[in-house]
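A short worksheet on the structure shown next.
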Amino acid sequence: MKKIILFFLVAVMSTFVACDDDLKYDMDKNSDYEFNFEFLWKEFDKKYCFFDYKKDSIKDWNAVHDEYLTYVRNCKSEVEFFDVLAAMLNELKDGHVNLLSSFDISSYDFEENYPSDIDYDVLSSDRYLGKDYRYSGGIKYKTLRDGKVGYIRYSEFTESFTNEQLDYILSTFENTEGLIIDVRNNPGGDIGNVQKMISHFIDESYIPFYSIYKIGNGHSDFSSPASSSVEPYNGAIYRKPVYVLTNRGCYSSTNIFAFSMKGLPRVKILGGKTGGGAGAPMVTELPNGWTARFSGTVLLDKNKQITEFGVDPDIELHLDKELAYTQGLDNIIETACDYIEGVVK
Amino acid sequence: MKRIFAIIFVAVSSVFVSCDDDLEYEDFDIVENFNFLWKEIDEKYCFFDYKKDSIMRWNLVYDKYLPKVYYDCDNVTEYFDILAAMLGELKDGHVNLYTSFDVSRYDFADNTPIDFDYNVVNYNDRYLGKDTRIVGGFKYKTLRDGKVGYIYYGSFSSSFSSGNINNILDSFEDTEGLIIDVRSNGGGSIANVSALVSHFIDETTTIGYRVNKTGPGHSDFSSPVAEKVSPNSTGVIYKKPVYVLTNSRCFSATNEFVYAMKGLPRVKILGGKTGGGCGMPFTTELPCGWKVRFSANPCYDKNMQITEFGVDPDIVLHLDEELVYKQKLDNIIETACDYIEGKKK
Amino acid sequence: MYLIFLEMRNFVFIISFIFFFLTTLHAETSDSASVRLGNRAFGLGLGRETHHVSYLSPLLYSGTTFEFWNETIKHQKAGKCDFYSLVNNRVSMSNMMPTNESTEMSSYYDVFEYHYFYDWKHTPKFHMLCGAYAGFELGADLLFSNSNNPVYIRADLSLLGLSFRPTLCVRTKRRLIKISDQFDIRLAGVVFSPTYTQLYYDLTLPEYEKSEFLDFNSLSEKVRISNKLMVELPLRRTTLRLGMLVDRSKSMINMIDNRTTNVQALLGWSYDYYNLKGRLNRDSRFTTVFE
Amino acid sequence: MKRIVCVLSFCLVFLTTVFAKDADSLSVKTDNELKKNFALGMSFGSKTHHVSHLSPLLYSGNGIGLWAERINKKNWRNKDFYSLTNFRFDRSSLSYLTLTEQNIMAVSNLELDYHLYYDWKLASNFHLLCGGYIGGEFEKNEMQSSLWIGNNPNFYSIELNLLGLSLRPTLCIQTNRRLIKISNQFDLRLAGFVFYPTTNQSFLCDDLKDVIDFNSFSEKFHFSDKLTVDLPLRKTTLRLGMLVERSKSMIFNVDNRSLNVQGIVGFSFDYLTSSGRLNRKKQLKTIFE
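Residue numbers (our numbering), protein chains in the order written: chain A, 1049 to 1393; chain B, 203 to 547; chain C, 729 to 1019; chain D, -18 to 270.
Written out as structure tokens, the structure is:
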């Protein structure tokens, strides 16, 4: 009798072993175009977070499914299949959505038919950055208009800096009348750096953004907004007027930086509308080994509005290409300097 | 007697404990840090012999800058500027002094033509434009309706797998030639250089020699060791003519890639002289906490020449600024395409 | 580059698991011939370490160090004289800074030593153990603020070293206190180290002479002494082992100046054990679990 | 995070050795009964794993692990009880396809359980140990590939089992020269806490209430079955065995399944310890005495 109990337990164990078959796909299906298409479509249907918010600006996801299923059916090669899937994902009009394969990465060009508003040759000429700028923690900084205007060029939020470094930079702008933070064409990066930079320009505790994430597979199954507040830096706070220069190339974390600074007492946003991108990206996979990136968490601004399509500047201004080529002048920086010096109201 | 044994051992050990006093430094004594930096560079920098006639002798540099440290240096940034000027005498792009507020740098491409306009190459549909493919840091597309393959590689620090390159070269199957554009590529990891070269050689070739210092003297070097690259066993070998486009901002790893490709049977270098920088950088510290990076291990090319000041292209060609602004055309790419299509000899 | 050095750190931890495994193996294989029990002790160590590696930085780094140590002693009898074999295994992690406190060097290393002593008994209470040891030290010093040379790999195979361990047993009326002072000095061994400004990247080149990185050296090039004073104090139910370790090494190999001073307080437990396993040495006096 | 995992695993290994040492001051009557058994060894085997937070696909591969186990016999009101402490550290690297470009999922987990059994002696050589166990598990899943540029390369989960059912039938077979012990330990988790993020949540927000979930059998099903044989050879006792572990859960909309089939090899020894002043074993002398 005792031995029966022993072997009974071994038997129980084996029954549980093989019941994951709903996840097992037979190998030849892995590279089957239609199977992968359905798989990607369903993954996005479950996990993409902007369906509700983009109801009126993008096609209905089911309609997209029927339209692209016909294209997939007459795909001949892997590259063609990739282009069809890429076109489908671009229907979502989201810079955070990419399809990554071993031969290409698809992306939606959110800067399409928008002015580029920045000229790198003019920016590196002696009138602006030139050769004698200082460089620390990814930030290039210098004073313009012989000491009256402080200028910071921060090209990527992936470059991390410490609070002490930014504190030192702001201390060199002590006797300036105002500060320009140039984040044009900054594609974004680490949200931690956004919070670090904001903390040097606020006087009391401030909640720059809220984040909501999906708790179910439906298009509108969201959690309640969670916030993380930013405390002012316990060192020198920059109290003079600040102008943040933006253009359509400002995306993701830079977009969050723009809408967090907008509306602060001494801050003005100057330049072109930002590129948007207010979703924190996540990654999923396809059976044929490709990976797809999509916006998983929604980041709302301080009054809980969505900024996926971009943040409008306080003062709209575009780069004058003629002036830039002939006289090497960047009219956006010049206007900001004039505002600071009080030449223009 | 036995107990004496035990006590002796305890005594012996305590004697050894505190005799590291020759490593104790006064943290922020400006003269001591100056001497310390001068001696570290004197003992470990590797290009003193090679640059005998192109830079000031290192002892004279000491006599020139010591009085500056004594007399006109009353705050930290001025002290930094003096040390940065001293390091600038070495005329080496790999030499940097890192502090919390600035990084000293030597502009190796000073008053040389840029020969490259990123906006034209990236946004003009004639070259890359919208339907370019991106993978592993490469942007690639066929030009001249399929006859010429074009790859733009922006930085040698973006890693790629051999699968990526195989796919790219497969897509260039029926082209008559290939353009690899590494203009303004500031360098990166050396491992990517041999990975890329392995797709363009037929048998194991020596791409250069490695040497490292074996002592503090200016000419204490180990015997050179050949750096061999063998053809990529699993991947595609591109058999048709290859044109590598260079300009004065190709530095460090890109410089090694150019001298590795130069002289290969089917390869021609086209464009401006490269920026050089063939020393492998090494980092050390100063007592005051600043870091200094400098070239410590010279890399020779295949005929044992140092290319610290740049590699001359097979065909020298500079960018026609007028053509760029007016018709958005890059005459260097056009010339390379003409060579490939046989329109030019 | 950063990823490779994190893998290095995992490698050091996996090695430390294997060393721990070996120490237990040593503890486990007691043969029935010896009348006496084996002794196993393990515990923590906390102290200060000053460290200088001219390959990473010309400055002297100092900071705190934390370690797990593990030691087993076994008695073997051959003819009339007694022999003792001892296995010592230390896994240590330390964070150090220079006096200007601008950067931080973290170092992880394992030490595994096998000692073999002859017991030169003076009086029944005082055992003068003298013998030799062989050991292996593997670890890495990480200074991530350096660009191409952020790691110095510490690998030292000490083939021969002298080891003395005078031990005194003091019997009070209720307990037996054992005081021992183990003094080791390294005589000869092989060290793995790059030369002056050589980068570890050179190791990846096929044509490179791997032996350039290995250096057979003796007392003149590398001095390494360690002195461990330990007191074993039996309390009511457990036996406490308190001690102090002073570990000093100074070497100039391949033009790289490498100095370490390590002063630690040791606290741990020790217990005497008698193992019973296998078929042959079934000591009939004992029954085992489930029997 | 890597550093915490390593330090944590050290403390756990350290704890099992501490348990291994504590003297059994309870044993009064027969002084020559070895009350404790300690076993240490490695495990190798295959694993299939699925975490929907990282990837919708079923990953499989093989892993290697280290385990340590200690059994301690106690008796209380002259009934036999056994306490068992088990530690396991396992690291496996899994992949979905054999394509060149696919991603590697590195899974490392750490387990520590404490089991308490009542010995129901059905025959002189057959002990059916039945009882309960509590335990903790920490698991880290990491996606390693250049194609992974998003906020979810890592998925951590911590699990605290407050109550689990455990059965361990043990058979002792006496051949003419050796005593072989076969045991088959079957554990089933009944209730406990689980900490891991919800489906799309990257580790951005900081309030914990919606990441900890108290759940029972229905939401998280976890069982493991370990068949082990203690085989005394000439000088050492070998422990061979096979472990099958199955866990399946759907919490916070994250589908988490894993099946672990591993071969176990190690050695075990019965031992007696004496330390401190009180329980000095008279008839055995210690080192240096």
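All residues carry an ideal CB built from backbone N, CA and C; glycine is no exception.
* Please classify C/P786: is it buried, with 16 or more other beta-carbons within 10 angstroms of its beta-carbon, or exposed? => C/P786 is buried by the Cβ-count criterion.
* Asked: When we look at the beta-carbon of D/S197 and count the other beta-carbons within 10 Å, is it buried (16 or more) or exposed?
  -> Counting other Cβ atoms within 10 Å of its Cβ, D/S197 stays below 16 and is therefore classed as exposed.
* **Enclosing beta strand (DSSP E) for B/D265 [first to last residue]** => In the DSSP assignment, B/D265 falls outside any beta strand (DSSP E) and lies within the alpha helix (DSSP H) extending over W260 to Y273.
* Around the C-beta of D/C186, are 16 or more other C-beta atoms found within 10 angstroms, so that it is buried, or is it exposed? -> In this prediction, D/C186 has a pLDDT of 49, which is less than 50 and means its spatial position is unreliable; what the coordinates show is noted afterwards. Around the CB of D/C186, 16 or more other CB atoms lie within 10 Å, so the residue is classed as buried.
* Beta-carbon separation (whole angstroms), B/G390 vs C/N828, contact threshold 8 Å -> Not really, about 31 Å apart at Cβ, beyond 8 Å.
* To do: Give a yes or no on whether the C-beta atoms belonging to C/S891 and C/F845 are separated by under 8 Å.
  => Against a cut-off of 8 Å, the Cβ pair of C/F845 and C/S891 comes out as a contact.
* **Within-8 Å CB hit, A/Y1183 to chain B** => Yes - at least one Cβ of chain B is within 8 Å of the one on A/Y1183.
* **Helix, strand or coil at A/D1169 [DSSP, three-state]** => Here DSSP, grouped into helix, strand and coil, assigns A/D1169 to helix.
* Would a C-beta distance cut-off of 8 Å place B/A462 and B/V395 closer than the cut-off? -> Their beta carbons are under 8 Å apart, which means B/A462 touches B/V395 by this criterion.
* Starting from the C-beta of A/D1386, find all residues in its chain whose C-beta is less than 6 Å away, skip the five residues before and the five after it, and write them out in chain order. => Annotation for A/D1386: V1392 place their beta carbon closer than 6 Å to its own, counting only its chain and skipping 5 residues before and after.
* Smallest Cα separation from B/V494: which of B/L268, B/A538, B/D231 and B/S306? -> Comparing Cα-Cα distances from B/V494 to each of B/L268, B/A538, B/D231 and B/S306, the minimum goes to B/S306.
* To do: Starting from B/M288, follow the alpha helix (DSSP H) in both directions and report where the run begins and ends.
  => It spans V278 to G290 - the alpha helix (DSSP H) in which B/M288 sits, taken as one unbroken run.
* To do: List the residues of chain A whose Cβ lies closer than 7 Å to the Cβ of D/S255, in chain order.
  => None at all; the shortest Cβ gap to chain A is about 36 Å.
* Grab me the residues of C/L927's own chain with a C-beta within less than 8 Å of its C-beta, minus the 5 sequence neighbours each way, in chain order. => Once the five neighbours on either side are set aside, the close Cβ partners of C/L927 are N876 and N877.
* Asked: Can you tell me the Cα-Cα spacing of B/I535 and B/V438, whole angstroms?
  -> Rounded to whole angstroms, B/I535 and B/V438 show a C-alpha spacing of 24 Å.
* Asked: Would you report the Cα separation of C/T966 and C/G771, rounded to the nearest angstrom?
  -> Take the alpha-carbon of C/T966 and the one of C/G771: they are about 13 Å apart.
* Asked: Got a sec? Which residues, its chain only, sit under 8 Å from D/N106 by beta carbon, not counting five neighbours each side?
  -> So the qualifying residues of the chain are L152, C153, I154 and Q155.
* Which ranges would you report for the alpha helix (DSSP H) in the segment 1110 to 1174 of chain A if only whole runs of at least 4 residues count? -> For the segment 1110 to 1174 of chain A, whole alpha helix (DSSP H) runs of length 4 or above, ordered along the chain, are 1126 to 1138 and 1168 to 1171.
* **Rounded straight-line distance, which links the Cα of D/A172 to that of D/R238** => If I take the Cα positions, the gap works out to 17 Å.
* With DSSP collapsed to three states, give me the class of C/Y861. => DSSP places C/Y861 in strand when its eight states are reduced to three.
* Asked: Which residues does DSSP pair with B/F484 in a beta bridge?
  -> According to DSSP, which records beta bridges pairwise, B/F484 is partnered with B/F496.
* Report all residues from its chain with a CB closer than 6 Å to the CB of A/V1242; omit the five preceding and five following residues, and keep chain order. => The answer, listed in chain order, is S1301, I1304 and F1305.
* Asked: Does any CB atom of chain B fall closer than 8 Å to the CB of A/Y1199?
  -> It does not: the Cβ of A/Y1199 has no partner Cβ on chain B nearer than 8 Å.
* Give the secondary structure of B/E536 by DSSP, where H, G and I count as helix, E and B as strand, and everything else as coil. => Here B/E536 sits in helix by DSSP.
* Determine the chain B residues that contact C/R987 at a beta-carbon separation under 7 Å, and present them in chain order. => Near C/R987 (Cβ distances below 7 Å), the residues of chain B are D222.
* Between D/K2 and the rest of its own chain, which residues show a CB-CB distance below 8 Å, the 5 nearest in sequence each way excluded? -> Its pLDDT being 44, under 50, D/K2 is placed unreliably in this model, and the value from its coordinates should be taken loosely. Same-chain partners within the cutoff: T254 and S256.
* To do: Consider the Cβ of C/C897: report whether some Cβ of chain D lies at a distance smaller than 8 Å.
  => Any Cβ of chain D closer than 8 Å to the Cβ of C/C897 would place that residue at the interface, and such an atom is present.
* Could you tell me which uninterrupted beta strand (DSSP E) segments, each at least 3 residues in length, are contained entirely in the segment 336 to 399 of chain B, listed from first to last along the chain? => Listed in chain order, the complete beta strand (DSSP E) runs (minimum 3 residues) inside the segment 336 to 399 of chain B are 340 to 345, 350 to 355 and 379 to 383.
* **C/L963 beta carbon less than 8 Å from that of D/R258** => A contact, by the Cβ cut-off of 8 Å.
* Asked: Residue ranges of each alpha helix (DSSP H) run of no fewer than 4 residues wholly in the segment 1210 to 1265 of chain A, ordered along the chain?
  -> Whole alpha helix (DSSP H) segments, 4+ residues: 1211 to 1220 and 1239 to 1246.
* Return no unless some Cβ of chain A is closer than 8 Å to the Cβ of D/H203. => Chain A contact via Cβ: absent.
* To do: Over the uninterrupted beta strand (DSSP E) stretch that includes B/K293, give me the two end residues.
  => B/K293 -> no beta strand (DSSP E), and no H or E assigned at all.
* **8 Å CB neighbourhood of B/D422 in its chain, flanking five on each side removed** => Non-local beta-carbon contacts of B/D422 in its own chain, meaning distances under 8 Å to residues more than five positions away in sequence, involve K415 and T416 in chain order.
* Measuring alpha carbon to alpha carbon, tell me which of B/I336, B/K470 and B/F453 ends up nearest B/F402. => Considering only alpha carbons, the answer is B/K470.
* Asked: Which class does A/N1336 belong to by DSSP, given the choice of helix, strand or coil?
  -> The answer is coil: DSSP assigns A/N1336 none of H, G, I, E or B.
* DSSP state of D/Q125, grouped into three classes? -> D/Q125: strand per DSSP, three-state reduction.
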